[in-house]
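Structure below.
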């Protein structure tokens with residue numbers, strides 16, 4: 013279950029209904045996948061080869077297809093980040109810049125954890141969504157945000173895309189953004 017920290021107010025939202033309602037009111041899609049589907053040998057495995065990634069996609073094929081059918085995604089892959097990822101600091105630096113996309117940014121966390129920092133609607137300002145295994149989130153196209161790792165520094169996620177080109181970020185300058 014995701015936890016939300018609203019930066020402007022300092023409020024923390026943890027109850028499932030409240031998390032769901034808050035995200036929905038800010039245009040963010042959120043659901044859960046059953047991570048028990050993940051093969052035991054891939055749980056807590058963060059160095060993945062192509063065969064491991066294919067096994068993850070196969071394990072979640074039904075969930076992926078359902079999301080693709082209902083939300084229009086046509087391509088998907090698996091990304092794995094951990095302290096053993098080559099040049100992780102440079103990669104995170106790229107991810108940790110506020111940006112937008114011309115399509116939704118979708119992540120289904122299957123292992124580990126991560127944080128989306130998202131610009132909310134109106135006076136909400138930015139909020140942090142702490143995601144754990146099983147959390148699925150879609151930040152809508154054009155919505156300023158960025159992603160980073162938690163202190164755990166490990167995540168495996170299924171990414172879904174409308175366009176084959178995948179993750180293309182457009183930098184977003186926002187003087188109201190304060191890095192916490």
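Numbering (this note's numbering), first residue to last: 13 to 192. Glycine residues also receive a C-beta, built at the ideal position from the N, C-alpha and C atoms.
Check                                                                                                                                     : Outcome
Cross-strand partners of residue 87 (DSSP beta bridge)                                                                                    : 173
Residue 154, DSSP secondary structure in three states                                                                                     : coil
Chain-order list of residues whose beta-carbon lies under 7 angstroms from that of residue 164 (same chain, five-residue window excluded) : 124, 125
Alpha helix (DSSP H) runs wholly inside the region 61-129, at least 4 long, in chain order                                                : 62-71, 73-83, 100-107
Sub-9 angstroms separation of residue 174 and residue 45 beta-carbons                                                                     : no
DSSP bridge partner residues for residue 148 (one or two, in chain order)                                                                 : 43, 120
Beta-carbon separation (whole angstroms), residue 50 vs residue 172, contact threshold 8 angstroms                                        : Residue 50 to residue 172, Cβ: 17 angstroms. No contact.
Contact belief for residue 184 with residue 110 at Cβ below 8 angstroms, rounded distance in angstroms                                    : 5 angstroms
Sub-9 angstroms separation of residue 97 and residue 181 beta-carbons                                                                     : no
Distance CB(residue 58)-CB(residue 92) smaller than 9 angstroms                                                                           : yes
Spatial neighbours of residue 26 in its chain, beta-carbon cut-off 7 angstroms, leaving aside the 5 residues before and after             : 15
Of the listed residues 160, 39, 188, nearest to residue 106 (C-alpha basis)                                                               : 160
N- and C-terminal bounds of the beta strand (DSSP E) containing residue 136                                                               : Looking at the DSSP string, residue 136 is not in any beta strand (DSSP E), and its letter there is neither H nor E.
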